[in-house]
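S.K.: Below: one structure in structure tokens.
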Amino acid sequence: MSIKELLLNGTSFLLLMKEYAVDIADIKIKDEDVLNVQFLQHPQVTKESICIEGKNKDGIINFFGTLHYNLRSKLAVFEMQGFERSAVQELT
């Protein structure tokens with residue numbers, strides 16, 4: 000199970016994305032492949048600093064925070080510590 004799938008199982012993460020009008024299909028977890036390898040090596044409760052990129056009609060939002068996870072229980076929680084926005088006109 001991927002990090003994104005684990006996060007989408009949680010109501011609080013879905014509410015966070017809804018608050019910022021981010022479409023779930025447009026979520027990208029930076030370095031997700033590396034983190035998935037670490038998950039397999041350390042399935043116990045662990046935490047990692049991550050960046051989640053989301054898109055909405057106004058542009059891109061990067062969410063920074065800590066991911067707490069336990070693969071044995073198939074749980075993941077994102078603790079947001081900050082974010083930054085990039086407007087659409089800045090992207091072109």
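Quick note: the sequence shown, position 69, residue 68 per numbering that gives the first Met the number 0, numbers continuous. Note that the Cβ used here is the ideal one computed from N, Cα and C, for glycine as well.
Kindly indicate the opening and closing residues of the alpha helix (DSSP H) around Ile2.
M.R.: Within the sequence shown, residue 2 is the residue found at index 3, counting from 1. Where Ile2 is concerned, the enclosing alpha helix (DSSP H) stretches over 2 to 7.
S.K.: Once DSSP output is grouped into helix, strand and coil, what is the label at Val33?
M.R.: On the sequence shown, residue 33 is found 34 positions in, with the first residue counted as 1. Note: Val33 maps to helix in three-state DSSP.
S.K.: If you count every other CB in all the chains shown that lies within 10 Å of the CB of Met0, and 16 or more means buried, which is it?
M.R.: By one-based count along the sequence shown, residue 0 stands at place 1. The residue is exposed, with fewer than 16 neighbouring Cβ atoms inside 10 Å.
S.K.: Only counting the same chain, and skipping five residues up and downstream in sequence, which positions put a Cβ closer than 6 Å to that of Glu83?
M.R.: The residue given as residue 83 occupies position 84 in the sequence shown. These residues qualify, in order along the chain: Asn61.
S.K.: In whole angstroms, what separates the C-alpha of Lys29 from that of Gln43?
M.R.: Sequence index remark: in the sequence shown, residue 29 carries index 30 (1-based). Sequence index remark: in the sequence shown, residue 43 carries index 44 (1-based). C-alpha separation (whole angstroms): 22 Å.
S.K.: Measuring only the C-alpha atoms, how far is Lys27 from Leu6?
M.R.: Residue mapping note: residue 27 aligns to position 28 of the sequence shown, counting from 1. Residue mapping note: residue 6 aligns to position 7 of the sequence shown, counting from 1. Taking the straight line joining both Cα atoms gives about 12 Å.
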